[in-house]
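Participant: The structure under discussion is supplied below as structure tokens; questions concerning it will follow.
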């Protein structure tokens, strides 16, 4: 083998492949127009609706110390958190995977003395180790939502969901469905029935899979009740009627009645809202203490958002709803671009300012190429190349044919 051949083999085995500047880490993407425009305008619409109901915007930091963010209810986020070492303090920091625990911390500290009920809204990016669902490919996700802190009542639960429903209607999201559940109901029932601690996890998994045969086998004397709960799922009024006829011990019955009261309050606020109830759905509700909701668009598998009742950092009652803009805005048409108007070198500045105030985008002519490339024909060619529909020359705005 010649020396040249050996050298070629050596380079192919040891040299890194050429690095592309467009290459990004798995799960991270560039968001371009029109998607970036749709997200920005959509988030502004959501936040506008939230503000109109008195939810004041806050902006928690993108990173916090691990000991702070992953304390209390935030402990459930540990497996989804990216960690880095702070070179200054030598303490571990976490990129937030969820904004809700940050709101809980702020409510207990910086906003601890603020008047209750405390209404706050937020929007921002989060980073997760793995997407929460198979249809989600991104590790950088957007969140926008509201938290109502202080009151613990069906009316408070209903307010949060009703404001969320109004925001979706304002965006034009078609045929939304609010699917309610009560995660503490089944654990309370199993505890009151003295179901063995070793059996509970297996039984809970069977309920989660909606496996009636396994529930019948594992549930013992509670089997009939659990199977009745499995069947009490569907449109809200129908499900609640079935739930009301199931014999439940006191704590489980209290959870059932709270669920029914929340549905009644939500119906009063939003009579036409599509509501379903599943009293044994508890997947993903790790730190919630009361009524929870998942929001869907009918005919789509992706969750638009979710939320529910929990305890803030100092055990203060709270209820929230978080939307996923990156999922949500796939259900609506892309935001329309502004009409683009090319400003010829002699364009009137005051007319151009008025056009921008009316919502148009103006693109000023900039010198390029040889000096002889000027004049009306050059301006027309440049306007068409840049996607403009009109040219402003002097004070006259002319439509391009």
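Residue numbers (the numbering used here): 1 to 401. Note that beta-carbon positions come from the ideal geometry of N, C-alpha and C, so glycine has one too. Computed from a prediction, not measured in an experiment: that's the story for all the values here.
Can you name the residues that DSSP bridges to residue 288?
Facilitator: According to DSSP, residue 288 bridges with 310.
Participant: Pull up the distance between the alpha-carbon of residue 135 and that of residue 305, whole angstroms please.
Facilitator: For residue 135, the pLDDT reaches just 46, beneath the cut-off of 50, and the residue's location in the model is therefore unreliable, although a value from the coordinates is still provided. For residue 135 and residue 305, the distance between alpha carbons rounds to 14 Å.
Participant: When DSSP builds the beta bridges, which residues end up paired with residue 55?
Facilitator: Paired residue(s): none; residue 55 is not in a bridge.
Participant: Below 6 Å CB to CB, which residues in the same chain sit around residue 77 once its five sequence neighbours on both sides are set aside?
Facilitator: 97 and 98
Participant: If you scan the region 134-185 from start to end, which runs of the alpha helix (DSSP H) of 4 or more residues do you find wholly inside it?
Facilitator: List check, alpha helix (DSSP H) in window: 154-171.
Participant: Got a sec, what are the start and stop residues for the beta strand (DSSP E) residue 274 sits in?
Facilitator: 274-277
Participant: Tell me the rounded alpha-carbon separation between residue 344 and residue 38.
Facilitator: 29 Å
Participant: For residue 432, report the span of its beta strand (DSSP E) as first-last.
Facilitator: Because the chain spans 1 through 401 in this model, residue 432 falls outside it and cannot be assessed.
Participant: Regarding residue 365 and the ligand COA, is the C-beta to nearest heavy atom distance less than 8 Å?
Facilitator: Looking at this structure, you won't find the ligand COA or any other ligand, since it has none at all.
Participant: From 92, 88 and 120, pick the residue whose C-alpha is nearest to that of residue 100; which is it?
Facilitator: 120
Participant: Just curious, the beta strand (DSSP E) that residue 399 is in, first and last residue?
Facilitator: 396-399
Participant: Nearest to residue 282 by CA position, among 337, 208 and 353, is which residue?
Facilitator: 208
Participant: Could you check the C-alpha separation between residue 322 and residue 233 for me, to the nearest Å?
Facilitator: Between residue 322 and residue 233, the C-alpha separation is close to 24 Å.
Participant: Kindly indicate the opening and closing residues of the alpha helix (DSSP H) around residue 118.
Facilitator: Segment 118-127 is the beta strand (DSSP E) holding residue 118; no alpha helix (DSSP H) there.
Participant: CA-CA distance, residue 198 and residue 204?
Facilitator: 11 Å
Participant: For residue 258 and residue 237, I'd like the C-alpha separation in whole angstroms.
Facilitator: 14 Å
Participant: Should residue 142 be labelled buried (16 or more other beta-carbon atoms within 10 Å of its own) or exposed?
Facilitator: That one is buried.
Participant: Could you give the first and the last residue of the continuous alpha helix (DSSP H) run that contains residue 213?
Facilitator: 212-218
Participant: Residues in its own chain within less than 8 Å of residue 381 by CB, not counting five upstream and five downstream?
Facilitator: none
Participant: Residue range of the beta strand (DSSP E) that residue 390 falls in?
Facilitator: 390-393 is the extent of the beta strand (DSSP E) around residue 390.
Participant: Using the three-state DSSP reduction, which class does residue 4 fall into: helix, strand or coil?
Facilitator: At residue 4 the pLDDT is 44, less than 50, meaning the model places this residue with poor confidence; the figure from the coordinates comes in the next sentence. Look at residue 4 here: in three-state DSSP terms it is helix.
Participant: Exposed or buried, which one is residue 196 when buried takes at least 16 other CB atoms within 10 Å?
Facilitator: exposed
Participant: Measuring CB to CB, does residue 243 end up less than 9 Å from residue 260?
Facilitator: yes
Participant: Specify, as a first and last residue, the run of the beta strand (DSSP E) that residue 374 falls within.
Facilitator: Careful: residue 374 lies outside any beta strand (DSSP E) and carries neither H nor E.
Participant: Taking all protein chains shown into account, do 16 or more other C-beta atoms lie within 10 angstroms of the C-beta of residue 265, making it buried, or fewer, making it exposed?
Facilitator: buried
Participant: Using 10 angstroms around the beta-carbon of residue 307, count the other beta-carbons present and answer buried if the total reaches 16, otherwise exposed.
Facilitator: Buried: at least 16 other Cβ atoms inside 10 Å.
Participant: Which ranges does the beta strand (DSSP E) cover as unbroken runs of at least 3 residues, wholly within the region 36-98, from first to last along the chain?
Facilitator: 63-65, 82-85 and 92-95
Participant: Select from 128, 339 and 384 the residue whose C-alpha is nearest the C-alpha of residue 359.
Facilitator: 339
Participant: Please go through the same chain and pick out, in chain order, the residues whose beta-carbon is closer than 7 Å to the beta-carbon of residue 383, but skip the five residues on each side of it.
Facilitator: 342, 391 and 400
Participant: By the three-class DSSP mapping on this structure, what secondary structure does residue 21 have?
Facilitator: coil
Participant: For a test of the three-state rule: what should DSSP assign to residue 331, helix, strand or coil?
Facilitator: DSSP places residue 331 within a helical segment (H, G or I) once states are collapsed to three.
Participant: Of the residues 91, 396, 329 and 394, which one's Cα is nearest the Cα of residue 167?
Facilitator: Comparing Cα positions, the closest option is 329.
Participant: Using a threshold of 9 Å, state whether the C-beta atoms of residue 386 and residue 355 are closer than that.
Facilitator: no
Participant: Between which two residues does the alpha helix (DSSP H) carrying residue 200 extend?
Facilitator: 200-208
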